[in-house]
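Presented below is the structure to which this report refers.
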Amino acid sequence: MVKRHPGERRQRRERGSISVEEILSGAFDVAADVSIDNLSMPQLAKHLDVGVTSIYWYFRRKDDLLDAMTNRALDEYDFTAPSIDADNWRESLAHHARIMRKTFRANPILCDLILIRGSYGRAAVQGAIQKLEPPVAALVRAGLTSEQAFDTYSAIATHVRGTVIMERLQDKMPGIAPRQDGERNLIDPAATPFIAEATGRGHRMGVADDINFEYVLECILDHAEALAHQP
499 MVKRHPGERR QRRERGSISV EEILSGAFDV AADVSIDNLS MPQLAKHLDV
549 GVTSIYWYFR RKDDLLDAMT NRALDEYDFT APSIDADNWR ESLAHHARIM
599 RKTFRANPIL CDLILIRGSY GRAAVQGAIQ KLEPPVAALV RAGLTSEQAF
649 DTYSAIATHV RGTVIMERLQ DKMPGIAPRQ DGERNLIDPA ATPFIAEATG
699 RGHRMGVADD INFEYVLECI LDHAEALAHQ P
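Following the numbering used here, the numbering of the sequence shown begins with 499 at its first residue and continues without gaps.
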């Protein structure tokens, strides 16, 4: 290995020696450390050991880079897994929803790109639509009409998306959700006994958490089950 002398500048890669895929991979690496919001072109160039003009050669703006990252995420991640079993659709759909929430919660980059930013290319959207056909088809086999199956899965997806986005905002801005102990201090059991009882058991109003997520999920599943049992 050749040693550099102190103060000797490292030679950067030449323009054209880096590919779009390398840039995207590097962007995901940097975003994992600093977040999507704080990702910058100079930062990415430094990480990739290239001049910043090499990045702008492919992506004129940060938004263009984020669009490409979003499309890549949609292509690589199968958000319809695990699959839905028509013979056990309620349990498997509930499991599916919980896994999707867990997946996005565990990866803030995916949440920011796909759920919050939500700017997709045509090819990525077409690919995502094709991935949605199997779960909708499973619900049709379970007894729903195509419209009911579509609406049920759409409601589940919207519920997961809304919950995860709210949880993400609560993580980024802790003050957006009142502290549970603070809520209890404001509640007068004599004036609002039922609210006091519920909040005393961990229930919270207007906050994205496990209890609220499960309640809405069960409501959607109950409605879908009633539709499936209609003559």
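Backbone N, C-alpha and C fix where the C-beta goes; we use that ideal spot for every residue, glycine too.
None of these values were measured; they are calculated from a predicted model.
Distance between Pro606 and Ala689 (C-alpha atoms, nearest Å):
41 Å
Does the contact criterion of 3 or more C-beta pairs under 8 Å hold for the region 582-592 versus the region 636-652?
yes
With H, G and I counted as helix, E and B as strand and the rest as coil, what does DSSP make of Met705?
Note that residue 705 corresponds to Val in the displayed sequence, not to Met. In the structure shown, Val705 sits in coil (DSSP, three-state: anything other than H, G, I, E or B).
Rounded to whole angstroms, what's the CA-CA distance from Gly660 to Met671? Just pull it up for me.
16 Å
Assigned secondary structure, Leu537 (DSSP; H/G/I helix, E/B strand, else coil):
coil
Helix, strand or coil for Glu551, going by three-state DSSP, please let me know.
The amino acid occupying residue 551 in the given sequence is Thr; Glu does not appear at that position. In the structure shown, Thr551 sits in a helix (DSSP, three-state: H, G or I).
Considering only the beta carbon of each residue, do Ala653 and Ile718 sit closer than 8 Å?
yes
Asp707 versus Asp686, Val528, Leu667 and Pro691, residue with shortest Cα-Cα distance
Leu667
Spatial neighbours of Leu591 within its chain, please: CB distance less than 6 Å, with the 5 preceding and 5 following residues excluded, ordered by chain position.
Ile582
Using the Cα positions of Glu695 and Thr568, report the straight-line distance between them to the nearest angstrom.
44 Å
Taking the beta carbon of Gly524 as the centre, do at least 16 other beta carbons fall within 10 Å, making it buried, or is it exposed?
buried
Just tell me which of Asp535, Glu631 and Ala622 has its CA closest to the CA of Glu574.
Ala622
How about Leu537 and Arg615: are their beta carbons less than 8 Å apart?
no
My guess is that Ile612 and Ala571 are in contact by the Cβ rule of under 8 Å, so how many angstroms apart are they, rounded?
6 Å
Anyone know if the C-beta pair for Asp561 and His545 falls short of 8 Å?
no
Please state whether the Cβ-Cβ distance between Lys629 and Asp669 is less than 8 Å.
no
Exposed or buried, what is Ala604 when buried is set at 16 or more other beta-carbons lying within 10 Å of its beta-carbon?
exposed
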